[in-house]
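Undergrad: The numbering used here applies: residue 5 is where the sequence shown begins, and numbers increase by one.
The C-beta atom is built at its ideal place from N, Cα and C for all residues, glycine as well.
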Amino acid sequence: MLRWTVCLDGGPRRVNHAAVAVGHKVYSFGGYCSGEDYETLRQIDVHIFNTVSLRWTKLPPVRTGGREHAREVPYMRYGHTAVLVEDTIYIWGGRNDTEGACNVLYAFDVGSHRWWTPKVTGTVPGARDGHSACVLNKDMYIFGGYEQLADCFSNDIHKLDSIIMCWSLIKATGTPARWRDFHSATIIGSKMFVFGGRADRFGPFHSNNEIYCNKIKVFDTETNSWLNTPTNQLQPEGRRSHSAFAYNGELYIFGGYNARLDRHFNDLWKFNPEAFCWKKVEPKGKFPCPRRRQCCCIVGDRIILFGGTRYTHFLLFTLSFIIFITRFITLIMFITHHSSSHSSLFIIFIPLITLFIITLFTITLTIIFITLFIITLFIIFLTLFITLFKLELQTGESVDGLTFAAPSNL
5 MLRWTVCLDG GPRRVNHAAV AVGHKVYSFG GYCSGEDYET LRQIDVHIFN TVSLRWTKLP
65 PVRTGGREHA REVPYMRYGH TAVLVEDTIY IWGGRNDTEG ACNVLYAFDV GSHRWWTPKV
125 TGTVPGARDG HSACVLNKDM YIFGGYEQLA DCFSNDIHKL DSIIMCWSLI KATGTPARWR
185 DFHSATIIGS KMFVFGGRAD RFGPFHSNNE IYCNKIKVFD TETNSWLNTP TNQLQPEGRR
245 SHSAFAYNGE LYIFGGYNAR LDRHFNDLWK FNPEAFCWKK VEPKGKFPCP RRRQCCCIVG
305 DRIILFGGTR YTHFLLFTLS FIIFITRFIT LIMFITHHSS SHSSLFIIFI PLITLFIITL
365 FTITLTIIFI TLFIITLFII FLTLFITLFK LELQTGESVD GLTFAAPSNL
């Protein structure tokens with residue numbers, strides 16, 4: 005029986021990060037967090053979650069000792085992938101606001117926490133983000149993503165042989181999966197199961213006609229072919245930026261977002277590859293809030309879910325109006341809605357009615373203050389005018405350039 009049990013706070017706030025489980029620990033690399041600087045190049049941060057003690061630790065920055073060694077450490081990024089091959093974690097792809105997308109392969113030793121860039125040969129994939137990466141027999145498979153130079157979605161499959169460090173572009177047969185990004189690809193047996201992602205209705209180029217496919221596409225790594233698959237009666241809504249993982253030979257997906265529906269998800273679905281059918285899973289306990297761009301790792305028989313974001317478009321529109329009135333409230337809302345805490349299963353938010361009342365109250369106070377200020381100025385000016393008038397009636401002298409003549413006695 006599945007059950008949501010633990011909700012932790014206090015860890016790193018991240019979206020579009022990459023994480024991988026190593027033993028009883030989860031290693032999280034990079035990602036995006038509101039309020040942080042992504043224009044200045046800096047080392048990617050590494051957070052480690054101990055699933056036994058339920059504590060987070062952050063690794064200190066690596067001392068590079070020169071520009072050449074600095075290139076061995078990846079810069080901060082988001083939309084990248086991380087996979088584990090034996091005791092090495094490989095980071096590939098992703099983008100940074102300064103450097104754009106990246107196609108350099110980085111390696112991280114989980115024992116020594118040392119970074120290096122392996123020398124690779126072959127057909128290196130173009131720089132991209134929003135792709136998927138999975139491992140089978142020490143081979144890393146990269147699928148899809150959004151290519152920076154081509155400025156389009158991809159549906160290519162690249163394979164990295166981690167033994168000889170050679171990239172190859174797979175010439176797959178069959179009907180390929182559609183060009184897409186922010187999908188999921190999961191290895192079960194010798195097959196790669198692709199689900200979801202964002203695509204364009206008219207082809208690989210982004211024309212703002214987004215579609216979200218909810219059909220499973222299967223790639224056979226033994227025959228290098230896309231398989232024909234049946235259509236399911238029951239299946240989840242199409243989505244992107246969800247999580248996917250394999251457990252006991254079945255595929256699970258959680259969360260995600262569909263822009264056409266303007267909806268975030270927090271549902272959990274299970275796919276049986278043998279029967280080729282979906283089933284919605286209803287765990288006990290309190291569900292995580294709807295979200296996207298989170299990370300999800302399997303450690304033993306537990307699912308470790310953290311990070312992600314959930315936008316509420318109407319509230320964001322309201323905030324863009326309130327920001328000129330009260331910055332403090334705007335800051336609170338931005339943090340809780342733009343980037344949720346890594347381990348918080350529920351996003352805390354201020355109800356819309358509260359924002360409306362605060363806004364109305366602030367505007368009312370502002371109007372009252374301005375009105376009182378104008379009345380005060382008028383009273384002061386009137387008092388001064390009367391005083392000057394009386395003075396001139398008595399002396400006939402000029403005061404401040406205003407001359408009043410006293411009338412002669414009759």
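Are three or more beta carbon pairs between the region 24-34 and the region 281-289 nearer than 8 Å?
TA: Fewer than three pairs of CB atoms, one per stretch, sit closer than 8 Å, so the region 24-34 makes no contact with the region 281-289.
Undergrad: Just grab the DSSP bridge partners of Q298 for me.
TA: Note: Q298 sits in no beta bridge, so no partner.
Undergrad: What three-state label does DSSP hand D168 in the structure shown?
TA: Correcting the residue identity first, residue 168 is Ile in this sequence and not Asp. In this structure, I168 counts as coil in the three-state DSSP scheme.
Undergrad: How would you call V19, buried or exposed, if buried means at least 16 neighbouring beta carbons within 10 angstroms?
TA: buried
Undergrad: Would you check if the region 137-151 and the region 86-96 touch, i.e. whether three or more CB-CB distances between them fall below 8 Å?
TA: yes
Undergrad: In its own chain, which residues sit with a C-beta less than 6 Å from the C-beta of F105, not counting the 5 before and 5 after it?
TA: Before going on, a small fix: residue 105 reads as Ala here, not Phe. Correct list, in chain order: R99, A131, R132, D133, Q152.
Undergrad: Does the region 163-175 come into contact with the region 205-222, if we say contact requires no fewer than three beta-carbon pairs (one atom in each stretch) closer than 8 Å?
TA: no
Undergrad: If the criterion is Cβ atoms closer than 8 Å, does the pair T235 and S172 meet it?
TA: It is not a contact, given that the beta carbons lie outside the stated cut-off.
Undergrad: On the CB-based measure, 16 or more other CB atoms within 10 Å of its CB, does Q298 come out buried or exposed?
TA: buried
Undergrad: Using C-beta distances below 8 Å, list every residue in its chain close to D271, excluding the 5 sequence neighbours before and after it, in chain order.
TA: When the five nearest sequence neighbours on each side are left out, the beta carbons in the same chain lying within less than 8 Å of the beta carbon of D271 are those of P240, F258, G259, K284, in order along the chain.
Undergrad: Please give the ranges of any beta strand (DSSP E) in the region 230-254, keeping only runs that are unbroken, at least 3 residues long and fully inside the region.
TA: 247-251
Undergrad: Identify the continuous beta strand (DSSP E) that holds Y94 and give its terminal residues.
TA: 92-100
Undergrad: So what's I48 in DSSP terms, helix, strand or just coil?
TA: coil
Undergrad: I need the DSSP call for I192, collapsed to helix, strand or coil.
TA: I192: strand per DSSP, three-state reduction.
Undergrad: From Y94 to A189, what does the alpha carbon distance come to, in whole angstroms?
TA: For Y94 and A189, the distance between alpha carbons rounds to 16 Å.
Undergrad: Which whole-angstrom value is the C-beta distance of A137 and W96, which I expect to be below 8 Å?
TA: 6 Å
Undergrad: With which residues is E214 paired in a DSSP beta bridge?
TA: D204
Undergrad: How about S229 and A176: do their beta carbons lie closer than 8 Å?
TA: Yes, they are a contact pair.
Undergrad: Going by the DSSP bridge assignment, what does M144 pair with across the sheet?
TA: Answer is V139, L164, bridged to M144.
Undergrad: Which word fits G115, buried or exposed, when buried means at least 16 other C-beta atoms lie within 10 angstroms of its C-beta?
TA: Exposed: under 16 other Cβ atoms inside 10 Å.
Undergrad: What's the call for N276, buried or exposed, on a 16-neighbour Cβ count within 10 Å?
TA: exposed
Undergrad: To the nearest angstrom, how far is the alpha carbon of D224 from that of I146?
TA: 14 Å
Undergrad: Please name the residue in E278, A250, L63, F112 whose C-alpha comes closest to that of D305.
TA: Among E278, A250, L63, F112, the Cα nearest to that of D305 belongs to A250.
Undergrad: Relative to the C-alpha of E278, which residue among R267, R295, D266, E254 is closest?
TA: E254
Undergrad: The beta strand (DSSP E) spanning I308 covers which residue range?
TA: Its beta strand (DSSP E) spans residues 306-310.
Undergrad: What residue range is occupied by the uninterrupted beta strand (DSSP E) comprising V124?
TA: No beta strand (DSSP E) holds V124; DSSP gives it neither H nor E.
Undergrad: Return helix, strand or coil for I257, following the three-state DSSP convention.
TA: strand
Undergrad: Using only CA atoms, which one of W60, P78, R267 lies nearest to V66?
TA: P78
Undergrad: Excluding sequence positions up to five away, which residues of its chain have a Cβ less than 8 Å from the Cβ of L238?
TA: C281, W282, K283, K284, listed in sequence order.
Undergrad: List the endpoints of the continuous beta strand (DSSP E) containing A111.
TA: Element bounds for A111: 110-113.
Undergrad: Excluding five sequence neighbours on each side, which residues of the same chain lie with their C-beta closer than 8 Å to the C-beta of L45?
TA: Y79, M80, N100, T102, E103
Undergrad: Quick one: is G193 buried, meaning 16 or more other Cβ sit within 10 Å of its Cβ, or exposed?
TA: exposed
Undergrad: By a C-beta neighbour count over all protein chains shown, 10 Å radius and 16 as the cutoff for buried, is T313 buried or exposed?
TA: buried
Undergrad: I need the straight-line Cα distance from N213 to G311, nearest angstrom please.
TA: 28 Å
Undergrad: According to DSSP, F33 sits in a beta bridge with which residue or residues?
TA: A22, V50
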